[in-house]
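Numbering (the working numbering), first residue to last: 1155 to 1556. Even for Gly, the Cβ is constructed at its ideal location relative to N, Cα and C. Report on one structure; see the data block that follows.
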């Protein structure tokens, strides 16, 4: 079955069954990222004795590497096939785990340990690009363009379920066995996932001529910018909420990470059909306002329960920003370069997180950790202007089959 023969949308009741194997692969691949989320800031800040800027740099290096590799991943998904791209991503993720483990050999030399850890995070960023590009375009080829928002929602749901499961598991592993346990899990889980990928049917790549990258970028830059700005809040929570809890002497920081993921998953499962039904930019606008309210609640929090509530609210709001703007990005992109368009669109997220996470670390060092969440609130709110602009120019939403 080729991409060109998959343009007839899959009937709505069968979309979930069609996407289930791909969703399972994405869950397994992103579990390793979720495991490191609560452990990495503590390892860098407490284990290596480095400051909050370095915490942000290590966290942001993954997103910077993802940015660099998005276009390659999207192009290869279009030209070489999505299954190959997913397999390459899983192998690279396992290599990142090896570098995590190697960095522990140089804990007494923090500069060398940090450099090795940064290399591992960079490779993991590339792996994430390949897994997302492969899975998204695999799903779009199987389900058809009328289910664009639903495919994005299901893939994103798998990612954030993995984050939600990985946060408490990563906290437990780090508390009992240290960062070595995170490294071992990062090596093994992607290799086991390859056993799931191997029997799946490949999708033949399209043979149509490709438009220039500049044409694709002109098509998706505005929804990409809106998605990028709204993603800064997610980076603030995943990188700095653990340090906020440690500074205040609060326990169960992992719960905030799990709640942001839980809110995200609930939003995707309950409302994931809305971008296809009523239009992506309108959904994105509402979700931006909800996400900003959650970020502001964390900024103002004086007790853990308020952070938990803010994290859940931010996750709920953020849940449909990506498919909301993404539906518009796909509508504007040339159909024969959907993989490249999705790579470019997702690269906007990487650019935002790769640049702003270290900057948020600087804000934390100068103005305190709470100020990080004030800054993220303001950045997220700025995406509302882009959503309003897209509402005025958006075409009619796709209609899935009943």
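Is residue i helix, strand or coil when you go by DSSP?
| i | result |
| --- | --- |
| residue 1406 | coil |
| residue 1232 | helix |
| residue 1261 | coil |
| residue 1496 | helix |
| residue 1473 | coil |
| residue 1455 | coil |
| residue 1281 | helix |
| residue 1167 | Confidence in residue 1167 is poor, its pLDDT being 47 and thus under 50, which makes the residue's placement too unreliable to answer from. |
| residue 1522 | coil |
| residue 1332 | coil |
| residue 1427 | coil |
| residue 1203 | coil |
| residue 1303 | helix |
| residue 1353 | coil |
| residue 1344 | helix |
| residue 1488 | coil |
| residue 1298 | coil |
| residue 1310 | helix |
| residue 1433 | coil |
| residue 1539 | helix |
For residue i versus residue j, is the C-beta distance shorter than 7 angstroms?
| i | j | result |
| --- | --- | --- |
| residue 1399 | residue 1407 | yes |
| residue 1336 | residue 1213 | no |
| residue 1357 | residue 1182 | no |
| residue 1404 | residue 1322 | no |
| residue 1211 | residue 1505 | no |
| residue 1500 | residue 1422 | no |
| residue 1351 | residue 1236 | no |
| residue 1184 | residue 1313 | yes |
| residue 1328 | residue 1193 | yes |
| residue 1250 | residue 1274 | yes |
| residue 1503 | residue 1385 | yes |
| residue 1486 | residue 1373 | yes |
| residue 1516 | residue 1207 | yes |
| residue 1527 | residue 1452 | yes |
| residue 1333 | residue 1199 | no |
| residue 1347 | residue 1179 | yes |
| residue 1315 | residue 1419 | yes |
| residue 1371 | residue 1498 | yes |
| residue 1379 | residue 1545 | no |
| residue 1387 | residue 1530 | yes |
| residue 1438 | residue 1541 | yes |
| residue 1341 | residue 1252 | yes |
| residue 1523 | residue 1401 | yes |
| residue 1260 | residue 1381 | no |
| residue 1455 | residue 1377 | no |
| residue 1195 | residue 1354 | no |
For residue i, I'd like the list of residues in its chain whose CB is within less than 6 angstroms of its CB, leaving aside the five on either flank, ordered along the chain.
| i | result |
| --- | --- |
| residue 1155 | Low local confidence applies: a pLDDT of 34 at residue 1155 is under 50, so the model's placement there is unreliable, and no value is given. |
| residue 1477 | 1303, 1306, 1307 and 1429 |
| residue 1511 | 1210, 1213, 1214, 1389 and 1393 |
| residue 1383 | 1533, 1536 and 1537 |
| residue 1173 | 1293 and 1308 |
| residue 1255 | 1337 |
| residue 1424 | none |
| residue 1233 | 1359 |
| residue 1277 | 1246, 1249 and 1250 |
| residue 1508 | 1214, 1217, 1218 and 1221 |
| residue 1481 | 1302, 1303, 1429 and 1434 |
| residue 1339 | 1189 |
Using a Cβ-Cβ cutoff of less than 7 angstroms, which residues in the same chain neighbour residue i once the five nearest sequence positions on both sides are dropped?
| i | result |
| --- | --- |
| residue 1160 | Low local confidence applies: a pLDDT of 41 at residue 1160 is under 50, so the model's placement there is unreliable, with the coordinate-based value given in what follows. 1295, 1296 and 1298, listed in sequence order. |
| residue 1205 | 1519 |
| residue 1167 | Here the model assigns residue 1167 a pLDDT of 47, short of 50, so the residue's position is not dependable and the matter cannot be decided. |
| residue 1412 | 1318, 1321 and 1322 |
| residue 1231 | 1239, 1287, 1288, 1291 and 1493 |
| residue 1463 | 1451 |
| residue 1553 | Confidence at residue 1553 is low in this model, with a pLDDT of 44, below 50, so the placement of that residue should be treated as unreliable; the coordinate-derived value is given next. 1300. |
| residue 1409 | 1462 |
Which residues in the same chain as residue i place their Cβ atom closer than 8 angstroms to its Cβ, once the five residues preceding and following it in sequence are excluded?
| i | result |
| --- | --- |
| residue 1162 | Any reading at residue 1162 must be qualified, since the residue scores a pLDDT of 42, below 50, and its modelled position is unreliable; the value itself is stated next. Contacts found: 1298. |
| residue 1268 | 1198, 1202, 1204, 1208, 1212 and 1257 |
Using a Cβ-based criterion (distance less than 6 angstroms to any ligand heavy atom), does residue i qualify as near the ligand GTP?
| i | result |
| --- | --- |
| residue 1444 | No copy of the ligand GTP occurs in the structure displayed, which carries no ligand at all. |
Problem set entry | the region 1465-1483 in contact with the region 1430-1450 per 3-pair CB rule at 8 angstroms | yes
Problem set entry | Touching by the beta-carbon criterion (3+ pairs, under 8 angstroms), the region 1279-1296 and the region 1244-1257 | yes
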